[in-house]
Structures are given as structure tokens and as C-alpha cells.
Amino acid sequence: MVTTLPAAVMAAQTGPGRVEVLDQVARLADLEESDVEQMRGEALGAPTRGVVAYGEYQSGGWWTTSLLNHSGDPHDVVIGDGRPRPTSLLEDMPATARFLDSLGLDFMYVRLARLEPHSYLWEHRDYAGLRGTGRHRLHIPLVTNPSAVLVTAGARVHMAAGALWRLTPSQAHGVCNSTGPDRLHLIADVYADDAYESLAARPYLRDGDAADLPEMTAADRAGLLARAGQLAELGFTDAAEQTLLRAFYTHALPEGGAYDLIAELHQGRRPDADVNRWRAAKTHLLAR
Numbered sequence: 001m002v003t004t005l006p007a008a009v010m011a012a013q014t015g016p017g018r019v020e021v022l023d024q025v026a027r028l029a030d031l032e033e034s035d036v037e038q039m040r041g042e043a044l045g046a047p048t049r050g051v052v053a054y055g056e057y058q059s060g061g062w063w064t065t066s067l068l069n070h071s072g073d074p075h076d077v078v079i080g081d082g083r084p085r086p087t088s089l090l091e092d093m094p095a096t097a098r099f100l101d102s103l104g105l106d107f108m109y110v111r112l113a114r115l116e117p118h119s120y121l122w123e124h125r126d127y128a129g130l131r132g133t134g135r136h137r138l139h140i141p142l143v144t145n146p147s148a149v150l151v152t153a154g155a156r157v158h159m160a161a162g163a164l165w166r167l168t169p170s171q172a173h174g175v176c177n178s179t180g181p182d183r184l185h186l187i188a189d190v191y192a193d194d195a196y197e198s199l200a201a202r203p204y205l206r207d208g209d210a211a212d213l214p215e216m217t218a219a220d221r222a223g224l225l226a227r228a229g230q231l232a233e234l235g236f237t238d239a240a241e242q243t244l245l246r247a248f249y250t251h252a253l254p255e256g257g258a259y260d261l262i263a264e265l266h267q268g269r270r271p272d273a274d275v276n277r278w279r280a281a282k283t284h285l286l287a288r
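If you count the sequence shown from 1, position 188 lands on 188 in UniProt numbering, and the numbers rise without skipping.
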């Protein structure tokens, strides 16, 4: 079910400028096409899209439903430590259950995650409220498109289907699906153990997986703030703020830079409470 590549091939596919990106997101293995097709069919045939959770982290359009959790209810999607059990949804997905079992991993939580077109998960960190036990996140893209990308370490990474990917969610990252169709991933949070270490021993990226974002120039910054300011003056405050939040996906910003732009937009324009609200959001979402 899982096929790894020779070490020499992996090294050749990891360019010298990709070390920081590779630390945060990487391929771990190729998957059998038949396995992916079966899991895709089961996921697309699921009787529920799930629920919208973690609303403060997103623009809307991020739906999740659980396959392994602590209650057995597929709509219980707030992850946490513990030994999970199959939900009623996974019981109707035998190919997916067989694949998960074949990995031999110590699971914490497993979910299906759907990101609709024109939707964003804002820059954030995960795992902040969990205890210090070593844990890792695996992604299996089932349905995707080139506009569905993860942004981290100043780069856009398209997590292509047909592979098992690792994400380090304790590092700042965000996700967008600019044009659609829906992006549908199987996401597994697992505890560190020998089985995981063996699976993750040789991370790699292929040519074209990652692309550096351009730096934001002073002119870029001024133009972006001017456009957002015009929206705010017209009373479209949410649109103004989202214009600045989306800068994270188009430019290589310092960590929390999009939140700083919003605070700058509101400085002197709106009550101090709005400035403080976005400074607090930066602290909360980036788990500082």
C-alpha cells in the first residue's frame, strides 16, 4: 500500500533551497493508485460534509468529519489527546479502515477535511493546547487542484494526490483553495513511535512541489493598504481585513505579518479595540 523511494532519488529531488520547507512539509511515500481511488470513492460518498469548526481560523468553507475520535460521533471534530475509536462513518468505509490499519501507527485523531473554493485557513499554529507528547500530522490528498496550496516558510506547496505527506503543524502555516473544485484530504494525527519514525525516515519534495513567494516591497505594501483602506472607508471592513489576510498567500511575509497589516490599517482609523483585537488574534492563532 505504501511505496518508498531509494534514498539517492530522494536526495536528488530535494533542492538546496528547500531545507526549511522540507522541515515543515514533505512527501513520505508514494501510495498505490487503487488504494487512493477506493478511499476517494468512500470519502466522496460519505453521507455528510461534516461540520465547520475552528471558525476563528478560517474564512469559511473548511468542513471536517471524524473517522477516528474519542466519542465515535463523526461530527465531534475538536482534536485532543487520547486513544481513539472508529466513528460510525469509518465503519462504512472499509477500504479507508484497511489502509489506516496497514500503516501500523499510533493514531490520535483521523479526519476528512474539505476546503471549498475561494476558502482560506488563516496563518496559524496547531497543537498549542496539547501536552508535550511527540505527535505528527499526515495528509493523504484525495481530491485536489493546483490552486489548493499550503503556505509555510515563505513558499507555496501543492500537496499532490497519490502520496502520503507529513506536515509539521506546530510551525506557522495556512491553506487556501483559490479557484476550486473542493480540496478533500484525509488527515491523521499520530503519536511518535518506531513505526512513525520508520515511515518518516526519508522525507522529500519533487520538482514543482514548492514555489517561493515573492518578498513584499514597500510599494506592494502601500498599494495593498491603500486598497484595503478604500474598502474600509466604504464600510466593507470584513472585506478590507480579508484582503490583507490573503497577502499571506501571495507574498513571503514575516510571521504574523498579515495580522500586523490589519492592525496598521485600523491604527488611527477605528477604535483602539479593533487594533488590540487583531494583535490578540495574532497571539492566539500563532500560539505565542
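Heads up, the beta-carbon is just placed ideally off N, CA and C, and yes, glycines get one too. For clarity, every value in this text was computed on a predicted model and none was experimentally measured.
Secondary structure at Ala155: strand, using DSSP grouped into helix, strand and coil.
Judged by DSSP secondary structure, Ala210 falls outside any alpha helix (DSSP H) and instead within the beta strand (DSSP E) spanning Ala210 to Asp212.
Exposure of Glu32 is indicated by the presence of fewer than 16 other C-beta atoms within 10 angstroms of its C-beta. Between Glu233 and the set Leu265, Thr250 and Arg166, the nearest pair of CA atoms involves Leu265.
Counting along the chain, Arg137 sits inside the beta strand (DSSP E) bounded by residues Arg135 to Val143.
Within the same chain, His158 come within 7 Å of Pro146 by CB-CB distance, once the 5 residues on both sides are set aside. In this structure, the CA atom of Asn276 is about 17 Å from the CA atom of Gln242. In this structure Val175 touches Leu150 by the C-beta definition: roughly 5 Å separates them, less than 8 Å.
When secondary structure is reduced to three states using DSSP, Met216 falls in the coil class, being assigned neither helix nor strand. Tyr196 and His139 have their alpha carbons spaced roughly 14 Å apart. DSSP places Tyr249 in no beta strand (DSSP E); its state is neither H nor E. Tyr120 is a Cβ neighbour of Arg246, given a cutoff of 8 Å.
When beta bridges are read from the DSSP output, His173 appears opposite His124. Between the region 70 to 79 and the region 152 to 171, the count of Cβ pairs shorter than 8 Å is below three; the stretches do not touch. Closest by C-alpha distance to Ala29, out of Leu105, Arg183, Arg166 and Ala128, is Arg166.
DSSP links Ala287 through a beta bridge to no other residue. Here the region 202 to 210 makes no contact with the region 276 to 285; the two share fewer than three CB pairs at distances below 8 Å.
Within the region 13 to 53, the complete alpha helix (DSSP H) segments of 4 residues or longer fall at 19 to 24 and 33 to 44, listed in chain order. Judged by DSSP in its simplified three-state form, Arg206 adopts coil rather than helix or strand.
Apart from the 5 residues on each side of it in sequence, Asp76 sits with its Cβ closer than 7 Å to the Cβ of Ser66 and Asn69 in its chain, given in chain order.
In the displayed model, Leu224 falls within a helix according to three-state DSSP.
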